[in-house]
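Take the sequence shown: its position 41, counting from 1, is numbered 28 in the working numbering, and each next residue is one higher. Each remark here refers to the structure printed beneath this line.
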Amino acid sequence: MTIADADAPEEIRWAGKWLIAKQRGRWEYVTRARNIRAAVILAVDGPPEAREVVLIDQYRVPVGRRSLELPAGLIGDEAGGEGEDPMSAAKRELEEETGYIAREWTDLGEFWSSPGMVSESFSLLRASGLEKVGAGGGDENEDIVVHRVPLTGIAEFVAEARGAGTAIDVRLLVMLGAGMLQLA
């Protein structure tokens, strides 16, 4: 099978500090500058019968509203951080955004959120055994609100946020998937 445009030369149409718009044949897409990726954290805590997940919400300029998300951050985006690994980035971002550290970490693999438009991938890491060590809220350029939500009430929490006009990050499907299948 021949894939149209797969062997066409890649051309840069625009480049900024963080993003590059490219074209290969008829395909237009975006990549992260310097091959930067993201670390996304599924932070869960509590006993199985009362498990909670840590979510954040913050304003996102591209969608013009606050967005409900899993904690996340870029890997190797800071000067001198080119060799940073996903686990180190995840630990840094969990504490910075939420004020939690975790005793246990599991690498759940690499994923692509919108492979027809963006080449960026992210590493999904599960954090458990959480301990609150700081306020969270992100750095001086962020306005992050932290939520601890019972997994048994996650669908209702997300529905309320959506009803209030909050954007919902597609990665929340990690927790909603089974419940959404029951709606079919």
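Glycine is no exception: its CB is placed at the ideal position from the N, C-alpha and C atoms.
Test item: CB-CB of residue i and residue j under 8 Å
i	j	result
W1	A20	no
P58	I28	yes
G60	A26	yes
D32	E83	no
M162	V40	yes
A30	P137	no
Neighbourhood of residue i by C-beta distance below 8 Å, restricted to the same chain and skipping five residues each side
i	result
R52	Y46, G152, T153 and A154
Host alpha helix (DSSP H) of residue i (start-end)
i	result
R149	I141 to G150
E83	P73 to T85
For residue i: DSSP bridge partner residues
i	result
S115	E91
L29	R113
R135	V41
Under the three-state DSSP convention, the category residue i falls into
i	result
V120	coil
A171	Low local confidence applies: a pLDDT of 38 at A171 is under 50, so the model's placement there is unreliable, with the coordinate-based value given in what follows. Correct three-state label for A171: coil.
K9	strand
L57	coil
T18	strand
S227	Examination of residue 227 is not possible in this model, given that the chain is present from -12 through 171 alone.
Proximal residues to residue i (C-beta, below 7 Å), its chain only, five neighbours per side dropped
i	result
E179	Residue 179 cannot be examined here, being either before or after the span of the chain that is shown, -12 to 171.
Q169	Its pLDDT being 47, under 50, Q169 is placed unreliably by the model, and nothing is read from it.
F98	S108, F109 and L111
I(-1)	I7 and K9
A122	G86
Cut-off 6 Å between Cβ atoms - residues of its own chain near residue i, not counting five sequence neighbours on either side
i	result
A(-5)	R11 and G12
V132	D44
V105	V17
Start and end residues, beta strand (DSSP E) containing residue i
i	result
R47	E39 to R47
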